[in-house]
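The structure appears below as structure tokens.
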Amino acid sequence: MPALPDLAADGQRRFSTALLDASGRIQDRSVVTALGWKPGDRLLITQIRSSVVICRRGDGIFRMTTKPYVVLPAPVRHGCRVPAGSRVLLVADLACDVLVVHPEHVVHAMLRDFHTSLAAGETDQ
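As numbered in the numbering used here, residues 33 to 157 make up the sequence shown, in order.
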């Protein structure tokens, strides 16, 4: 799996939010289109903590469906605590050909920590 680069503002990332349907399909095509993923492309889908890292790799065991949607396998959905109807944050890194999927509870935790630092008067460096 490629290392995730720093999220510098270089225009190489696309962000979106999407619903997850009962079959695990992420209801957003814009990031898949931006990444250039096509039906039949092989994907490596890895759960890291409570998020999912997806990259296109020749040895991936999952394949892009005929429609340009990414589908999260049931064990990954359960492991990340992402039930059907949940919203996820999608971060596509175009330079690295990687899609990161963050469930709502992960985004809430990130925002909580950031807002706590704002309330404490911490400044960006």
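The beta carbon of each residue, even a glycine, is placed where N, CA and C say it ideally should be.
**OP:** Going by CA-CA distance only, name the one from D53, R57, R95, S62 that's closest to F47.
**Re:** Locating residue 47 in the sequence shown gives position 15, counting from the first residue. Cα-wise, what sits closest to F47 is S62.
Subject >> Alpha carbon of R119 to alpha carbon of S83, nearest angstrom >> reply: Along the sequence shown, one-based indexing puts residue 119 at 87. Along the sequence shown, one-based indexing puts residue 83 at 51. Approximately 13 Å between the Cα atoms of the pair.
Original post:
Does the pairing of the segment 89-101 with the segment 64-74 give three or more beta-carbon distances under 8 Å?
Top reply: yes
**OP:** Taking only runs that begin and end inside the segment 41-126, name each unbroken beta strand (DSSP E) of 3 or more residues, in chain order.
**Re:** 45-51, 74-80, 83-88, 119-125
Original post:
Among the residues of its own chain, which have a CB less than 6 Å from the CB of G111, if the five just before and after it don't count?
Top reply: The residue you call residue 111 lines up with position 79 of the sequence shown. If we look at G111 and ignore the five residues flanking it on each side, its Cβ neighbours are Q79.
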